[in-house]
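Reviewing the structure listed below.
Number of protein chains: 2
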Amino acid sequence: MNNFEYKNPTKIIFGKDTIGKLTNEIPADAKVLMLYGGGSIKKNGVYEQVKTALAKTDLIEFGGIPANPEYAVLMDALKVIKEEKITYLLAVGGGSVIDGTKFLAAAAEYEGAEPWEMLKNKERPTKGMPFGTVLTLPATGSEMNSGLVITREETKEKLAMGGPALFPTFSILDPLVITSIPERQLVNGVTDAFTHVLEQYMTYPAGGLLQDRFAESILQTLIEVGPKVIKDPTDYEAGANFMWSCTMALNGLIQQGVPGDWAIHMMGHELTALFGIDHARTLAVVAPSHYKYNFEAKKEKLAQYAERVWNVTEGSIDDKAYAGIEKTEAFFHQLGIKTKLSEYTDKFEGTAEEIAKRFTDRGWLGLGERQALTPQDAEKIVKMAY
Amino acid sequence: MNNFEYKNPTKIIFGKDTIGKLTNEIPADAKVLMLYGGGSIKKNGVYEQVKTALAKTDLIEFGGIPANPEYAVLMDALKVIKEEKITYLLAVGGGSVIDGTKFLAAAAEYEGAEPWEMLKNKERPTKGMPFGTVLTLPATGSEMNSGLVITREETKEKLAMGGPALFPTFSILDPLVITSIPERQLVNGVTDAFTHVLEQYMTYPAGGLLQDRFAESILQTLIEVGPKVIKDPTDYEAGANFMWSCTMALNGLIQQGVPGDWAIHMMGHELTALFGIDHARTLAVVAPSHYKYNFEAKKEKLAQYAERVWNVTEGSIDDKAYAGIEKTEAFFHQLGIKTKLSEYTDKFEGTAEEIAKRFTDRGWLGLGERQALTPQDAEKIVKMAY
Numbered sequence: 380m381n382n383f384e385y386k387n388p389t390k391i392i393f394g395k396d397t398i399g400k401l402t403n404e405i406p407a408d409a410k411v412l413m414l415y416g417g418g419s420i421k422k423n424g425v426y427e428q429v430k431t432a433l434a435k436t437d438l439i440e441f442g443g444i445p446a447n448p449e450y451a452v453l454m455d456a457l458k459v460i461k462e463e464k465i466t467y468l469l470a471v472g473g474g475s476v477i478d479g480t481k482f483l484a485a486a487a488e489y490e491g492a493e494p495w496e497m498l499k500n501k502e503r504p505t506k507g508m509p510f511g512t513v514l515t516l517p518a519t520g521s522e523m524n525s526g527l528v529i530t531r532e533e534t535k536e537k538l539a540m541g542g543p544a545l546f547p548t549f550s551i552l553d554p555l556v557i558t559s560i561p562e563r564q565l566v567n568g569v570t571d572a573f574t575h576v577l578e579q580y581m582t583y584p585a586g587g588l589l590q591d592r593f594a595e596s597i598l599q600t601l602i603e604v605g606p607k608v609i610k611d612p613t614d615y616e617a618g619a620n621f622m623w624s625c626t627m628a629l630n631g632l633i634q635q636g637v638p639g640d641w642a643i644h645m646m647g648h649e650l651t652a653l654f655g656i657d658h659a660r661t662l663a664v665v666a667p668s669h670y671k672y673n674f675e676a677k678k679e680k681l682a683q684y685a686e687r688v689w690n691v692t693e694g695s696i697d698d699k700a701y702a703g704i705e706k707t708e709a710f711f712h713q714l715g716i717k718t719k720l721s722e723y724t725d726k727f728e729g730t731a732e733e734i735a736k737r738f739t740d741r742g743w744l745g746l747g748e749r750q751a752l753t754p755q756d757a758e759k760i761v762k763m764a765y
Numbered sequence: 380m381n382n383f384e385y386k387n388p389t390k391i392i393f394g395k396d397t398i399g400k401l402t403n404e405i406p407a408d409a410k411v412l413m414l415y416g417g418g419s420i421k422k423n424g425v426y427e428q429v430k431t432a433l434a435k436t437d438l439i440e441f442g443g444i445p446a447n448p449e450y451a452v453l454m455d456a457l458k459v460i461k462e463e464k465i466t467y468l469l470a471v472g473g474g475s476v477i478d479g480t481k482f483l484a485a486a487a488e489y490e491g492a493e494p495w496e497m498l499k500n501k502e503r504p505t506k507g508m509p510f511g512t513v514l515t516l517p518a519t520g521s522e523m524n525s526g527l528v529i530t531r532e533e534t535k536e537k538l539a540m541g542g543p544a545l546f547p548t549f550s551i552l553d554p555l556v557i558t559s560i561p562e563r564q565l566v567n568g569v570t571d572a573f574t575h576v577l578e579q580y581m582t583y584p585a586g587g588l589l590q591d592r593f594a595e596s597i598l599q600t601l602i603e604v605g606p607k608v609i610k611d612p613t614d615y616e617a618g619a620n621f622m623w624s625c626t627m628a629l630n631g632l633i634q635q636g637v638p639g640d641w642a643i644h645m646m647g648h649e650l651t652a653l654f655g656i657d658h659a660r661t662l663a664v665v666a667p668s669h670y671k672y673n674f675e676a677k678k679e680k681l682a683q684y685a686e687r688v689w690n691v692t693e694g695s696i697d698d699k700a701y702a703g704i705e706k707t708e709a710f711f712h713q714l715g716i717k718t719k720l721s722e723y724t725d726k727f728e729g730t731a732e733e734i735a736k737r738f739t740d741r742g743w744l745g746l747g748e749r750q751a752l753t754p755q756d757a758e759k760i761v762k763m764a765y
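Just so you know, the protein sequences line up as chains H and C, in that order.
Under this note's numbering, the first residue of the first sequence carries the number 380, and numbering increases by one thereafter.
Under this note's numbering, the first residue of the second sequence carries the number 380, and numbering increases by one thereafter.
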């Protein structure tokens with residue numbers, strides 16, 4: 380096990396009918412900017428619940444943050460924050476709204492002229508405007524971590540950053556929001572959380588025995604409740620476990636003391652930036668090829684995963700490891716996710732080369748848990764994924 | 380799953396050779412009282428490491444906090460805190476030293492004349508003197524929670540309390556401390572952590588699917604590494620996983636959204652108070668009888684535990700549940716723990732009745748996950764445990 384430092388100060392308020400607790404979480408003298416997405420919260424009752432809870436709060440709204448939060452839109456929100464002398468941010472939405480809000484929390488305190496520089500320089504902000512969240516879409520774990528991903532249409536880029544000042548002060552997780560989430564987004568949520576765990580687990584045996592078992596616990600729970608939630612979003616027990624699993628998948632706990640991969644995300648982000656494919660689906664596209672390409676480096680963990688998560692008991696290490704990849708792909712198919720890039724686009728020519736070039740240009744010369752995956756390797760993996 | 384609120388702000392610094400990081404964690408202008416136990420830290424090098432890290436800090440020492448931290452001793456420490464105008468506490472020790480330090484953090488800000496009243500009234504302090512810990516004995520989880528247990532020799536009482544102000548600001552967990560821990564204390568540590576998980580898990584199926592799996596993960600890890608650590612405390616991988624498992628067993632995570640039992644602890648505390656039996660050993664004494672006595676109420680969970688943790692695949696629910704109890708007792712025996720009270724004392728007469736009377740006098744009329752265990756039930760369980 381590697382040395383680690385771990386602190387997660389976010390207060391989680393979890394359970395049915397908890398959105399009203401907002402009243403107690405936001406300081407009475409705060410001037411709040413409430414941020415949300417395309418307006419689904421106005422159809423599912425969340426908007427009304429938030430407004431009721433904050434009836435006495437000095438509050439301005441900023442809607443329209445798109446999936447894959449767009450830098451230009453966020454810069455409009457930043458203007459509002461400065462002009463209106465906002466002191467507290469409230470994200471009401473899924474990972475995109477929360478990531479965008481986090482970026483604004485950092486941008487509001489940023490002293491440079493162009494906040495995009497924070498992303499390019501992978502800065503780790505130590506100060507930020509306080510913010511809370513009301514989660515409406517379980518998936519990314521952003522509600523209990525300090526990371527964010529921002530997209531910039533102008534340059535077709537999607538970049539990540541994070542920092543100790545970017546944990547939400549609180550996050551409200553009411554599983555009842557799940558009842559009105561479209562199936563496509565539920566499928567994406569299960570897939571996103573599942574892949575988050577894989578990225579932190581599917582490396583090499585690193586002596587994090589408890590971390591491994593926690594990761595397997597989340598995977599097993601998602602396998603158990605994911606299909607149930609998709610079939611019946613009103614199944615509260617399944618929904619609550621789905622929601623808590625998504626949070627635990629990426630709140631930092633399971634990554635402590637063990638190596639992380641994250642190359643699947645790096646390649647997946649490019650596919651979203653280039654083709655607009657849903658984030659979760661890009662992960663499902665890249666993961667099987669990534670594991671096949673890096674089979675030798677990952678086969679012990681793949682075999683452990685096959686044994687413990689999928690009850691594969693027969694065969695050699697190689698057999699079990701390969702079965703683990705097949706089970707993963709079959710699970711994505713069971714959810715209704717296509718796992719070949721050719722099923723999403725026919726304009727593939729030059730894509731893999733472009734991604735390799737971008738990685739090279741950014742200096743990303745060694746990705747993965749051993750920093751050994753070159754841009755050329757990524758090019759081959761993306762081609763395998765077509 | 381039940382609604383819950385969860386926040387754990389303690390910063391964990393984990394890994395080999397991390398005690399030196401103390402320098403950065405304690406404010407430069409703090410006046411520190413360093414608290415420790417019987418002096419083992421002066422033999423194993425921890426004392427020197429702490430003093431070196433805090434060479435430039437204004438620091439006073441208070442040693443001699445006994446196992447089962449004694450109220451009278453803590454009141455002596457409180458005098459020092461007040462006389463010396465201490466502003467920061469540093470616990471260097473195991474659960475007893477940390478619990479004692481937590482109590483002092485609350486007592487330093489308590490406005491009444493007799494801090495014991497906080498325990499009697501089960502107060503939940505919202506203010507306390509800041510404190511950090513250097514953990515020298517993995518077991519109780521006190522390094523990452525806000526609970527404490529204090530003993531009072533004068534009245535032969537042992538009472539628990541906790542509150543949001545009583546989380547350590549930081550805790551340093553260096554698994555290298557394990558190499559010098561006596562076998563008896565390692566055995567106690569494994570048993571203590573194992574029982575902590577059981578108390579939060581062995582109730583009834585409550586829809587906390589992920590919480591169940593996390594609990595099982597900790598139990599499985601303790602079963603895997605516990606015997607290894609006892610056999611060879613220099614096995615770093617086993618020791619690190621043991622240490623992290625003890626912390627995760629009682630840092631609040633696995634109890635969120637699910638019922639807790641804790642009746643084993645309530646009965647065990649009395650056995651420590653009355654006979655001076657090591658805390659962990661009282662838990663191993665009470666647990667098997669408790670589970671047999673409450674078999675019908677707990678058998679679904681006992682069977683799930685037997686299946687998932689001990690790979691018991693044959694038989695009915697009742698068969699599996701009973702096998703789960705037997706496996707648990709066998710595990711304690713494997714560790715070298717005696718599980719019958721008669722193996723610890725022959726002055727048993729009247730003990731069970733005395734414990735029942737104490738519970739009645741304190742108004743503890745319904746313990747356990749359904750608040751259904753009466754003092755008379757406790758009397759019978761303690762008799763079964765003899």
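Every residue, glycine too, gets a C-beta built ideally from N, C-alpha and C.
In this text, all values refer to a predicted model and were calculated from it rather than measured experimentally.
Is residue i near residue j, with beta carbons less than 8 angstroms apart?
| i | j | result |
| --- | --- | --- |
| residue 438 (chain H) | residue 457 (chain H) | no |
| residue 556 (chain C) | residue 582 (chain C) | no |
| residue 523 (chain C) | residue 403 (chain C) | no |
| residue 394 (chain H) | residue 381 (chain C) | yes |
| residue 666 (chain H) | residue 724 (chain H) | no |
| residue 596 (chain C) | residue 596 (chain H) | yes |
| residue 552 (chain C) | residue 505 (chain C) | no |
| residue 548 (chain H) | residue 448 (chain H) | no |
| residue 480 (chain C) | residue 510 (chain C) | yes |
| residue 662 (chain C) | residue 512 (chain C) | no |
| residue 714 (chain H) | residue 587 (chain H) | no |
| residue 770 (chain C) | residue 520 (chain C) | It is not possible to answer for residue 770 (chain C), since the shown part of chain C is limited to 380 through 765. |
| residue 528 (chain C) | residue 537 (chain C) | yes |
For a contact defined as C-beta to C-beta under 9 angstroms, what are the partners of residue i on chain H?
| i | result |
| --- | --- |
| residue 423 (chain C) | Going along chain H, no residue has its Cβ under 9 angstroms from residue 423 (chain C), so there is no contact; the nearest lies around 20 angstroms. |
Would DSSP call residue i helix, strand or coil?
| i | result |
| --- | --- |
| residue 849 (chain C) | Outside the shown range of chain C, which is 380 to 765, sits residue 849 (chain C), and nothing can be said about it. |
| residue 719 (chain C) | coil |
| residue 674 (chain H) | helix |
| residue 546 (chain H) | coil |
| residue 439 (chain H) | strand |
| residue 686 (chain C) | helix |
| residue 386 (chain H) | strand |
| residue 744 (chain C) | coil |
| residue 449 (chain H) | strand |
| residue 531 (chain H) | strand |
| residue 514 (chain H) | strand |
| residue 507 (chain C) | coil |
| residue 526 (chain H) | strand |
| residue 760 (chain C) | helix |
| residue 551 (chain H) | strand |
List, in chain order, every chain C residue whose beta-carbon is nearer than 8 angstroms to that of residue i.
| i | result |
| --- | --- |
| residue 596 (chain H) | 589, 592, 593, 595, 596 |
| residue 604 (chain H) | 588 |
Can you pull the chain H residues whose beta carbon is under 7 angstroms from the beta carbon of residue i, in chain order?
| i | result |
| --- | --- |
| residue 599 (chain C) | 592 |
| residue 636 (chain C) | 393 |
Cβ closer than 9 angstroms: which chain C residues qualify as neighbours of residue i?
| i | result |
| --- | --- |
| residue 520 (chain H) | Ordered by position in chain C, no residue passes the 9 angstroms Cβ test against residue 520 (chain H), which lies about 13 angstroms from the chain. |
Report the neighbours of residue i on chain C: residues whose CB is nearer than 7 angstroms to its CB, in chain order.
| i | result |
| --- | --- |
| residue 440 (chain H) | None at all; the shortest Cβ gap to chain C is about 27 angstroms. |
Select from the segment 380-406 of chain C all residues with a C-beta closer than 9 angstroms to any C-beta belonging to chain H, and list them in chain order. Answer in chain order: 380, 381, 382, 383, 384, 385, 386, 387, 388, 389, 390, 391, 392, 393, 394, 395, 396, 397, 400.
So within the segment 390-433 of chain C, which uninterrupted beta strand (DSSP E) runs reach at least 3 residues, ignoring any that extend past its ends? Within the segment 390-433 of chain C, the complete beta strand (DSSP E) runs of at least 3 residues fall at 410-414.
Entirely enclosed beta strand (DSSP E) segments - the segment 459-505 of chain H, minimum 3 residues: Complete beta strand (DSSP E) runs here, min 3: 467-472.
Pull out every residue of the segment 617-631 of chain C whose Cβ sits closer than 7 angstroms to any Cβ of chain H, in chain order. Considering only beta carbons, the part of the segment 617-631 of chain C lying closer than 7 angstroms to chain H consists of 619, 620, 623, 624, 627, in chain order.
Output needed in chain order: residues of the segment 693-723 of chain C with a Cβ under 9 angstroms from some Cβ in chain H. Here the close residues number zero.
So if I threshold CB-CB distances at 8 angstroms, which residues from the segment 569-589 of chain H count as touching chain C? Of all residues in the segment 569-589 of chain H, only 586, 587, 588, 589 place a beta-carbon less than 8 angstroms from a beta-carbon of chain C.
List, from N- to C-terminal side, the beta strand (DSSP E) runs of 3 residues or more that fit wholly inside the segment 600-684 of chain H. Listed in chain order, the beta strand (DSSP E) elements of length 3 or more contained wholly in the segment 600-684 of chain H amount to none.
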